[in-house]
Amino acid sequence: MLTSETYDVAIIGGGINGTGIARDAAGRGLKVFLCEKNDLASATSSASTKLIHGGLRYLEHYEFRLVREALIEREVLLRAAPHIIWPLRFVLPHVKGLRPAWMIRLGLFLYDHLGGREKLPGSEGIKLNTHPAGKPLVAGMEKAFVYSDCWVQDARLVVLNAMSARTLGADIETRTECVSAKRNGDVWNVTIRNNDGERTITARSLVNAAGPWCAEVLENRVEAKKKQGIRMVQGSHIVVPKLFDHEYCYIFQNPDGRIVFAIPYEQDFTLIGTTDRDYKGDPAKVAISAEETDYLCELTNTYFEKKITSDDVVWAYSGVRPLYGDGSEDASQVTRDYVLEIDKGDRDDNAAPLLNIYGGKITTYRKLAESAMSKICPLLGRDDTRWTADKPLPGGDMPNADFDAYLTAMHKKFSWIPKPHIYRYVQNYGTLTKLIIGDASDIEGLGKHFGDDVYECELRYLVDYEWARTIEDVLWRRSKLGLHLSDQTRDAIAQWIETDPKSKNTVKAGEGNSGT
Numbered sequence: 001m002l003t004s005e006t007y008d009v010a011i012i013g014g015g016i017n018g019t020g021i022a023r024d025a026a027g028r029g030l031k032v033f034l035c036e037k038n039d040l041a042s043a044t045s046s047a048s049t050k051l052i053h054g055g056l057r058y059l060e061h062y063e064f065r066l067v068r069e070a071l072i073e074r075e076v077l078l079r080a081a082p083h084i085i086w087p088l089r090f091v092l093p094h095v096k097g098l099r100p101a102w103m104i105r106l107g108l109f110l111y112d113h114l115g116g117r118e119k120l121p122g123s124e125g126i127k128l129n130t131h132p133a134g135k136p137l138v139a140g141m142e143k144a145f146v147y148s149d150c151w152v153q154d155a156r157l158v159v160l161n162a163m164s165a166r167t168l169g170a171d172i173e174t175r176t177e178c179v180s181a182k183r184n185g186d187v188w189n190v191t192i193r194n195n196d197g198e199r200t201i202t203a204r205s206l207v208n209a210a211g212p213w214c215a216e217v218l219e220n221r222v223e224a225k226k227k228q229g230i231r232m233v234q235g236s237h238i239v240v241p242k243l244f245d246h247e248y249c250y251i252f253q254n255p256d257g258r259i260v261f262a263i264p265y266e267q268d269f270t271l272i273g274t275t276d277r278d279y280k281g282d283p284a285k286v287a288i289s290a291e292e293t294d295y296l297c298e299l300t301n302t303y304f305e306k307k308i309t310s311d312d313v314v315w316a317y318s319g320v321r322p323l324y325g326d327g328s329e330d331a332s333q334v335t336r337d338y339v340l341e342i343d344k345g346d347r348d349d350n351a352a353p354l355l356n357i358y359g360g361k362i363t364t365y366r367k368l369a370e371s372a373m374s375k376i377c378p379l380l381g382r383d384d385t386r387w388t389a390d391k392p393l394p395g396g397d398m399p400n401a402d403f404d405a406y407l408t409a410m411h412k413k414f415s416w417i418p419k420p421h422i423y424r425y426v427q428n429y430g431t432l433t434k435l436i437i438g439d440a441s442d443i444e445g446l447g448k449h450f451g452d453d454v455y456e457c458e459l460r461y462l463v464d465y466e467w468a469r470t471i472e473d474v475l476w477r478r479s480k481l482g483l484h485l486s487d488q489t490r491d492a493i494a495q496w497i498e499t500d501p502k503s504k505n506t507v508k509a510g511e512g513n514s515g516t
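Mind the numbering: the sequence shown is residues 1 to 516 in the UniProt record's numbering, read in order.
What follows is the structure, encoded as structure tokens:
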């Protein structure tokens with residue numbers, strides 16, 4: 001079935017790049033369609049180290065443009081989403097025989113000054129024998145360097161961009177696969193398939209933001225002049241019971257030149273990663289290997305007094321980074337910068353354009369989206385008017401972007417909700433918490449209690465507004481409740497989702513979306 005409506009932009013892929021472009025395009029008044037074959041952020045975008053960071057190690061590869069852009073974006077995103085992004089201080093122990101202290105100082109000086117830092121504190125040197133960050137570390141480490149970066153709930157960042165795009169008029173369809181896309185003069189005919197069957201939409205431009213599947217899309221689904229390969233690099237992480245009781249993060253050097261982070265995670269855990277190795281298989285089947293687990297455990301044990309083994313791992317995840325291949329022998333040396341390529345086929349200048357997205361980082365997704373629109377807008381006869389830099393994401397429209405002040409106000413307003421419970425709501429949903437709680441004035445008003453701190457009002461919201469359709473969507477992408485809930489609570493949630501008729505229906509459009 002061919003629909004009569006023509007979109008300005010059709011996007012394949014519901015990760016951070018696809019949803020970021022959808023939001024930017026919709027906010028410019030373009031009619032946007034996005035399809036994602038699984039859930040939003042179901043692949044690479046939910047498998048990151050969960051940092052909004054400049055990329056300190058990229059300075060060693062002279063990627064100054066990338067680092068500067070990322071450093072500036074830290075504070076842009078911190079203002080846009082203060083509920084899901086927050087500052088952290090990172091401790092880099094100095095290890096004799098690896099990077100010399102003068103090199104680290106120089107790198108941190110550049111890190112402090114390349115990006116016009118405003119809110120985040122600068123770097124400093126510390127003595128580990130007198131600093132709280134030194135207590136969990138093995139004896140013999142004397143000094144370290146401390147600097148600022150930010151933490152992000154990566155999958156939620158994707159969902160918030162999709163919500164904003166929808167509020168601005170975009171059509172976002174999850175569990176919807178692109179079967180084929182063919183040029184027909186100045187438009188694309190894009191055939192999509194979901195549980196309702198197949199249909200074809202038309203669009204004046206097409207964006208391939210399929211992440212690790214972008215080469216497969218070019219090879220098998222889209223008529224394109226150039227078949228560009230990508231380099232797939234696997235990155236894996238482990239989560240263990242917490243190794244320290246403070247809020248500092250660690251960045252550890254390794255003799256092989258790689259670095260590994262150890263980050264406080266979900267109150268009770270430590271997140272450790274990442275690895276870097278080439279990956280040749282199906283991105284949908286990527287999984288951490290025993291070798292990677294051992295590597296992360298061994299490196300961690302080099303630094304911490306408390307030792308871990310694979311038996312301590314409570315959760316592990318892997319993702320595939322789709323990088324623009326540059327011939328580097330070492331996967332960790334491949335650039336994380338993004339490459340955008342326009343393909344107009346073998347036809348005249350009026351042929352419908354295809355934009356292919358290669359690489360990119362969560363930190364710079366907004367700038368990638370701006371760059372993508374700078375390429376597409378002139379081809380559609382539209383002005384390149386940038387608008388996202390000072391606009392909050394849904395839930396982020398707190399006065400002065402002050403999370404702590406807003407949390408205090410919510411504690412007072414909903415004093416009948418236990419403090420840890422309201423904290424989780426505000427940290428996940430920001431100002432959208434009011435939409436979830438609704439008119440409730442006591443705990444019973446939150447609806448059915450599934451166990452732990454999960455009530456029906458939250459599940460209802462996730463299904464109605466955030467495209468949640470399975471228990472995995474709820475427990476591992478819209479939240480990390482999967483680390484905390486009892487089996488009984490999980491089973492009760494799964495049964496509710498399976499029997500709830502609304503979970504099979506279309507997500508509500510535009511309602512209750514705070515911010516743009």
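Every residue gets a Cβ at the ideal spot worked out from N, C-alpha and C, and that includes glycine.
Notebook entry, point to check: Can you name the start and end residues of the beta strand (DSSP E) that Pro241 belongs to?
Noted result: Numbered from 1 along the sequence shown, position 241 holds the residue referred to as residue 241. Per DSSP, Pro241 belongs to the beta strand (DSSP E) from Arg231 to Pro241.
Item checked: Close-in-space but distant-in-sequence residues of the same chain around Glu292 (CB under 6 Å, 5 per side omitted) -> As a working mapping, residue 292 is identified with position 292 in the sequence shown. So the qualifying residues of the chain are Ser236 and Thr275.
Note to self: Taking only three categories from DSSP, how would you classify residue 518?
What the structure shows: Since the first residue shown for the chain is 1 and the last is 516, residue 518 is missing from the structure and cannot be characterised.
Next item on the list: Round the Cβ separation of Ala492 and Gly451 to the nearest angstrom and send it over; I've been treating them as touching at under 8 Å.
Entry: By 1-based counting over the sequence shown, the position of residue 492 is 492. By 1-based counting over the sequence shown, the position of residue 451 is 451. At roughly 6 Å, the Cβ-Cβ gap stays under 8 Å, so Ala492 and Gly451 are in contact.
Next item on the list: Leaving out five residues on either side along the sequence, give the residues of the same chain with a beta carbon under 7 Å from the beta carbon of Lys344.
Entry: The sequence position of residue 344 within the sequence shown is 344, counting from 1. Result list for Lys344: Ala351 and Pro353, in chain order.
Checklist line | Closest residue to Lys50 among Ser318, Glu298 and Ser486 (Cα-Cα distance) | finding: Stepping through the sequence shown from its first residue, residue 50 is reached at position 50. Considering only alpha carbons, the answer is Ser318.
Next item on the list: Measure the alpha-carbon distance for residue 517 versus Ser503 and round it to whole angstroms.
Entry: Outside the modelled stretch of the chain, which goes from 1 to 516, sits residue 517, for which no answer is possible.
Check: What number of angstroms, rounded off, separates the C-alpha of Ala139 from the C-alpha of Phe269?
Finding: Translated into the one-based positions of the sequence shown, residue 139 becomes position 139. Translated into the one-based positions of the sequence shown, residue 269 becomes position 269. In a straight line, the C-alpha of Ala139 is about 23 Å away from that of Phe269.
Notebook entry, point to check: So, are the CB atoms of Thr364 and Ala70 less than 7 Å apart?
Noted result: Here residue 364 corresponds to residue number 364 of the sequence shown, with the count starting at 1. Here residue 70 corresponds to residue number 70 of the sequence shown, with the count starting at 1. Cβ distance < 7 Å, so Thr364 and Ala70 count as in contact.
Notebook entry, point to check: Under a Cβ-count criterion, where at least 16 other Cβ atoms within 10 Å of its own Cβ denotes burial, should Asn220 be classed as buried or exposed?
Noted result: By 1-based counting over the sequence shown, the position of residue 220 is 220. Flag for Asn220 reads exposed.
Next item on the list: Go ahead and pull the three-state DSSP assignment for Thr202.
Entry: Walking along the sequence shown from the start, residue 202 turns up at place 202. Thr202 falls in the strand class under three-state DSSP.
Check: So, using beta-carbon positions, are Tyr58 and Leu108 closer together than 7 Å?
Finding: Counted from its first residue, the sequence shown places residue 58 at position 58. Counted from its first residue, the sequence shown places residue 108 at position 108. Contact flag unset, no.
Checklist line | Straight-line Cα distance separating Asp171 from Ser310 | finding: The sequence position of residue 310 within the sequence shown is 310, counting from 1. The sequence position of residue 171 within the sequence shown is 171, counting from 1. For Ser310 and Asp171, the distance between alpha carbons rounds to 43 Å.
Check: According to DSSP, is Pro283 helix, strand or coil?
Finding: As a position in the sequence shown, residue 283 is number 283, starting the count at 1. Of the three classes helix, strand and coil, the one that applies to Pro283 here is helix, per DSSP.
Note to self: With a threshold of 7 Å on Cβ separation, who are the neighbours of Asp312 within its own chain once the five nearest residues in sequence on each side are excluded?
What the structure shows: Taking the first residue of the sequence shown as 1, we reach residue 312 at position 312. So the list reads Val240 and Pro241, once near-sequence residues are dropped.
Note to self: Can you check whether the C-beta of Leu340 is within less than 7 Å of a C-beta belonging to chain B?
What the structure shows: The structure shown has no chain B; it contains just one protein chain.
Next item on the list: Buried or exposed for Pro93, please, with buried defined as at least 16 other CB atoms from any protein chain shown within 10 angstroms of its CB.
Entry: If you number the sequence shown from 1, residue 93 lands on position 93. Buried.
Notebook entry, point to check: Which word fits Trp102, buried or exposed, when buried means at least 16 other C-beta atoms lie within 10 angstroms of its C-beta?
Noted result: Working through the sequence shown from its first residue, we reach residue 102 at position 102. Burial call: exposed.
Margin query: Considering only the alpha carbon of each residue, which of Tyr111, Glu124 and Ile376 lies closest to Lys31?
Written below: Start at 1 with the first residue of the sequence shown, and residue 31 comes out as number 31. Closest by alpha carbon: Ile376.
Check: Exposed or buried, what is Asn356 when buried is set at 16 or more other beta-carbons lying within 10 Å of its beta-carbon?
Finding: For this step, residue 356 is matched to residue 356 along the sequence shown. The residue in question, Asn356, is buried, as its Cβ has 16 or more Cβ neighbours within 10 Å.
Check: If residue 518 and Glu75 are in contact, beta carbons under 8 Å, what's the gap, nearest whole angstrom?
Finding: A question about residue 518 goes unanswered here, because the residues of the chain that appear run from 1 up to 516.
Checklist line | Contact set for Val426: own chain, Cβ-Cβ below 7 Å, skip 5 residues either direction | finding: Within the sequence shown, the letter at position 426 stands for residue 426. Once the five neighbours on either side are set aside, the close Cβ partners of Val426 are His83, Tyr406, Leu407, Met410 and Thr433.
Next item on the list: Go ahead and pull the three-state DSSP assignment for Leu157.
Entry: Locating residue 157 in the sequence shown gives position 157, where the first residue counts as 1. Three-state DSSP puts Leu157 in a helix.
Check: Applying the criterion that 16 or more other CB atoms from any shown protein chain within 10 Å of the CB defines a buried residue, is Glu247 buried or exposed?
Finding: Within the sequence shown, the letter at position 247 stands for residue 247. It is exposed - the Cβ of Glu247 has fewer than 16 other Cβ atoms within 10 Å.
Check: Taking the continuous beta strand (DSSP E) assigned at Asn184, which residues delimit it?
Finding: Position 184 of the sequence shown, counted from the first residue, corresponds to residue 184. Per DSSP, Asn184 belongs to the beta strand (DSSP E) from Glu177 to Asn184.
Check: Exposed or buried, Trp476, counting other C-beta atoms within 10 Å across all chains shown (16 or more means buried)?
Finding: Your numbering for residue 476 matches position 476 in the sequence shown. So Trp476 counts as buried.
Notebook entry, point to check: For Asp491, which of helix, strand or coil comes out of DSSP?
Noted result: On the sequence shown, residue 491 is found 491 positions in, with the first residue counted as 1. DSSP places Asp491 in helix when its eight states are reduced to three.
Item checked: Cut-off 8 Å between Cβ atoms - residues of its own chain near Leu243, not counting five sequence neighbours on either side -> Within the sequence shown, the letter at position 243 stands for residue 243. The answer, listed in chain order, is Pro136, Ala262, Thr270, Thr300, Phe304, Lys306 and Ile308.
Notebook entry, point to check: Helix or strand or just coil, what does DSSP make of Arg28?
Noted result: Taking the first residue of the sequence shown as 1, we reach residue 28 at position 28. Residue state, collapsed to three classes: coil.
Margin query: Whole angstroms are fine: how far does the CA of Glu73 sit from the CA of Gly55?
Written below: As a position in the sequence shown, residue 55 is number 55, starting the count at 1. As a position in the sequence shown, residue 73 is number 73, starting the count at 1. About 12 Å.
Next item on the list: Label Gly229 either buried or exposed according to how many other C-beta atoms from any shown protein chain fall within 10 Å of its C-beta, with 16 as the threshold for buried.
Entry: Indexing the sequence shown from 1 puts residue 229 at position 229. It is exposed - the Cβ of Gly229 has fewer than 16 other Cβ atoms within 10 Å.
Check: Which residues in the same chain as Ala209 place their Cβ atom closer than 8 Å to its Cβ, once the five residues preceding and following it in sequence are excluded?
Finding: As a first step, residue 209 is located in the sequence shown; it is residue number 209 there, counting from the start. Same-chain partners within the cutoff: Ile11, Ile12, Gly13, Gly15, Asn17, Gly18, Ile21 and Ile357.
Next item on the list: Report yes if the CB atom of Ala81 is closer than 7 Å to the CB atom of Leu393, and no otherwise.
Entry: If you number the sequence shown from 1, residue 81 lands on position 81. If you number the sequence shown from 1, residue 393 lands on position 393. Contact: yes.
Next item on the list: Just grab the DSSP bridge partners of Lys143 for me.
Entry: Residue 143 sits at position 143 when you count from the first residue of the sequence shown. Lys127, per the DSSP bridge assignment.
Next item on the list: State yes or no: is the C-beta of Glu177 within less than 7 Å of the C-beta of Lys37?
Entry: Residue mapping note: residue 177 aligns to position 177 of the sequence shown, counting from 1. Residue mapping note: residue 37 aligns to position 37 of the sequence shown, counting from 1. Yes; because the gap between Cβ atoms is below 7 Å, this pair is in contact.
Checklist line | CB contact flag (Val158, Leu323, <7 Å) | finding: Indexing the sequence shown from 1 puts residue 158 at position 158. Indexing the sequence shown from 1 puts residue 323 at position 323. No.
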